[in-house]
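Per the numbering used here, residue 1 is the first one in the sequence shown, and the count goes up by one each step. Glycine included, each C-beta is placed from N, C-alpha and C at the ideal position. These numbers were taken from a predicted model, which means no experiment stands behind them. Since the structure comes first, as structure tokens, the remarks are kept for the end.
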Amino acid sequence: MSQAKRHIGIITTGHGPRDEYLHYHGLFLKALGADVTITLRHIYDGLTLADLDPHEVDKSTPNLGAHVHVPGAKGNHMGDGWEHRFYDLEFATGLVQQAIERLETEDGVDMVLLACAAEFPEGALTARTMLIHPREIMFALAQTIAEGSSRKPKVGVIVDAEHADHDRADWLSRPFAEQIELVVSPITSTWLEAAQALGAAEVEYAFFFGYGVGLAPYDARDEIPALERAIGAPLILPHRATVLHLRNLLMPALNDLDFLPADWNRT
Numbered sequence: 001m002s003q004a005k006r007h008i009g010i011i012t013t014g015h016g017p018r019d020e021y022l023h024y025h026g027l028f029l030k031a032l033g034a035d036v037t038i039t040l041r042h043i044y045d046g047l048t049l050a051d052l053d054p055h056e057v058d059k060s061t062p063n064l065g066a067h068v069h070v071p072g073a074k075g076n077h078m079g080d081g082w083e084h085r086f087y088d089l090e091f092a093t094g095l096v097q098q099a100i101e102r103l104e105t106e107d108g109v110d111m112v113l114l115a116c117a118a119e120f121p122e123g124a125l126t127a128r129t130m131l132i133h134p135r136e137i138m139f140a141l142a143q144t145i146a147e148g149s150s151r152k153p154k155v156g157v158i159v160d161a162e163h164a165d166h167d168r169a170d171w172l173s174r175p176f177a178e179q180i181e182l183v184v185s186p187i188t189s190t191w192l193e194a195a196q197a198l199g200a201a202e203v204e205y206a207f208f209f210g211y212g213v214g215l216a217p218y219d220a221r222d223e224i225p226a227l228e229r230a231i232g233a234p235l236i237l238p239h240r241a242t243v244l245h246l247r248n249l250l251m252p253a254l255n256d257l258d259f260l261p262a263d264w265n266r267t
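See the structure below:
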């Protein structure tokens, strides 16, 4: 693997293009001094709605959400012609694995990033290079919060109402669960109301597992800042956590002296 410019493959769980991921990851990493090439693969590219329709499910079934092209659709934050739908998790997982393999064998990437923080069946996804799953980064951050204090930090989580019970059980199954006070806020109407509920509970940290929320071209500019203000605590998002994690894995290394006064080093 080259020690200079790295080639990162990013997988989205729907149709393309998803240029917000190309721009966000590329510009963020460049701002932090990394030199990267990014290739995107979209698991449903080449599949029509007719191909996908037999696999569409509701949220009561294990699923993976996807932004897909729907002729005539209006009002999606991706723009006209897009809808957010849900497809059977097993079906989607197989296509994610195929995308991993194509990025490695056809595109020659050095590492693969899943542009989602969804839960996949254990052991279902593998990579020969390096597979970066934001979900695991998020839970690792939660563990450092839990273990960083002798008291129980109050941690809030914004979740879909349809699987709030599942998400609560998932958090409570973690080895650090007894070291935090968990507050789960289901989205019963809007993200903002869920955030306000966490603010009322006076959480100290908040997690929202929506990868790329706020990045789509028609997301309100103030949408995520408004959530953070309503919570009144740091909001930990998977795309932010992941790009910062990525920077530690890339060359060239950060120049630490850039973050000291210009005359600090006397050599």
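So the beta strand (DSSP E) residue i belongs to, where does it begin and stop?
i, result
"P186", "E181 to I187"
"I8", "R6 to T12"
"R41", "V36 to H42"
"D110", "Taken as a continuous stretch (DSSP letters only), D110 belongs to no beta strand (DSSP E), as it is neither H nor E."
Take residue i and list the residues in its own chain whose beta-carbon comes closer than 6 angstroms to its own, dropping the five residues that flank it on each side.
i, result
"D258", "none"
"I145", "P153 and Y205"
"M78", "H67 and A216"
"L131", "V112"
"F120", "T93"
"D35", "K5"
"A253", "none"
"I268", "Only positions 1 to 267 of the chain appear in the structure, and residue 268 is not among them; the question remains open."
When every heavy atom of the ligand ADP is checked, does at least one fall within less than 8 angstroms of the C-beta of residue i?
i, result
"R6", "Of ligands this structure carries none, so the ligand ADP is not represented either."
Measuring straight from C-alpha to C-alpha, what distance separates residue i and residue j?
i, j, result
"H25", "G72", "30 angstroms"
"N255", "L244", "15 angstroms"
"V158", "S185", "Residue 158 is actually Ile in this sequence, not Val. Each residue's alpha carbon lies about 5 angstroms from the other."
"I187", "L260", "43 angstroms"
"Y269", "F28", "Lying outside 1 to 267, the shown extent of the chain, residue 269 is not represented and no answer is given."
"Q143", "A50", "43 angstroms"
"D133", "W264", "According to the sequence displayed, residue 133 carries His and not Asp. Straight-line Cα distance between these residues: approximately 38 angstroms."
"E101", "I43", "12 angstroms"
"L269", "D165", "Residue 269 is absent from the model: the chain starts at 1 and stops at 267."
"G14", "A169", "27 angstroms"
"L141", "A220", "27 angstroms"
"H23", "N248", "19 angstroms"
"G75", "D58", "20 angstroms"
For residue i, collect the residues of the same chain with a Cβ closer than 8 angstroms to its Cβ; drop the 5 residues on either side in sequence, then sort them by chain order.
i, result
"T39", "H7, I8, G9, I10, L103, D107 and V109"
Please return the same chain residues whose Cβ sits closer than 7 angstroms to the Cβ of residue i, not counting the five positions on each side in sequence.
i, result
"E56", "R85, F86 and Y87"
"L227", "W191, L192, A195 and L235"
"Y211", "A115, C116, A117, P134, P238 and H239"
Per the DSSP calculation, residue i is bridged to which residue(s)?
i, result
"R85", "A66"
"I158", "S185 and F208"
"L235", "A206"
"T131", "The identity of residue 131 in the sequence shown is Leu, whereas the question assumes Thr. According to DSSP, which records beta bridges pairwise, L131 is partnered with V112."
"E119", "None, per the DSSP bridge assignment."
"E147", "Answer by DSSP bridge pairing: none, since E147 is not bridged."
"E56", "Y87"
What first and last residue would you give for the alpha helix (DSSP H) that runs through residue i?
i, result
"F28", "D19 to A31"
"W171", "A164 to L172"
"W191", "W191 to A200"
"A50", "L49 to L52"
Problem - Given 8 angstroms, three or more beta-carbon pairs between the segment 150-159 and the segment 59-78 - result: Because the criterion of three Cβ pairs below 8 angstroms is not met, the segment 150-159 and the segment 59-78 do not touch.
Exercise for the section: Could you tell me whether the segment 88-100 touches the segment 124-139, using the rule of 3 or more Cβ pairs below 8 angstroms? Expected result: Yes, the segment 88-100 is in contact with the segment 124-139.
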